[in-house]
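Residue numbers (our numbering): 91 to 310. Using N, Cα and C, we set each Cβ at its ideal position, and we do this for glycine too. Let me begin by presenting the structure, written as structure tokens, before commenting on it.
What follows is the structure in structure tokens.
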């Protein structure tokens, strides 16, 4: 049998910890092995248990989430880290990704999104909650006026693939894109796969940032 993904949770809000524990307890293949109420405890528990994935709140006492992220990445680099956030904290996203976070997740995300983020991080993929993708992209510099290598890649996309890229860059999930384009979620997944392949992107975050850099979103 495959070993379950071992998860560490760090959040100073006991209600958040209880809610996430309730979500993960019945999740197949995921085990919440330790919980911390501050960043220093999170670092200590990461060293002791060496989880597959650590869920870290941004704002914690003793050691905040970004400092804990840096420490864990330095001391236990194999641990994949997903940062927990709320609306209005998007200024931390770039810092967290720069320091090696595998993703950003809203605390109020649905159970299936939480599970998906954990599995994606454990598999080595980056994950950014669709609901905050737009906030993050708005902080990027404007697109250059001259054609770039990114633009050349975008020009290889079909019209439908370009539509899918724009919608995922707006933060829509595959299901929401399917509803918008009147196609099945499976068809959307196929288009997303082709978009990633043509753009040389590994995940939605990279694709969304490329869409912003090339000015696709400014055309909306």
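- For residue 203, the enclosing alpha helix (DSSP H) has its first and last residue at 201 to 212.
- Residue burial is scored here from C-beta neighbours: residue 269 has fewer than 16 other C-beta atoms within 10 angstroms and is therefore classed as exposed.
- Short of 7 Å from the beta carbon of residue 170, and not among the five residues preceding or following it, lie these beta carbons of its own chain, in chain order: 142, 143, 192, 211 and 212.
- A Cβ-Cβ separation of about 6 Å places residue 102 in contact with residue 128 under the 8 Å criterion.
- Boundaries of the alpha helix (DSSP H) harbouring residue 278: 275 to 289, taken from the DSSP string.
- For residue 240, the enclosing alpha helix (DSSP H) stretches over residues 239 to 244.
- Segment contact: the stretch 242 to 249 against the stretch 279 to 294, three or more CB-CB distances shorter than 8 Å; contact assigned.
- Around residue 160, the same chain offers 189 as residues with beta carbons nearer than 7 Å, after the five sequence neighbours per side are excluded.
- 118 is the residue among 118, 164 and 93 whose C-alpha sits nearest the C-alpha of residue 206.
- Given a length threshold of 3 residues, each whole run of the beta strand (DSSP E) inside the stretch 126 to 198 is given here in chain order: 143 to 147, 170 to 175 and 193 to 196.
- In the structure shown, residue 100 adopts extended strand secondary structure according to DSSP, grouped into three states.
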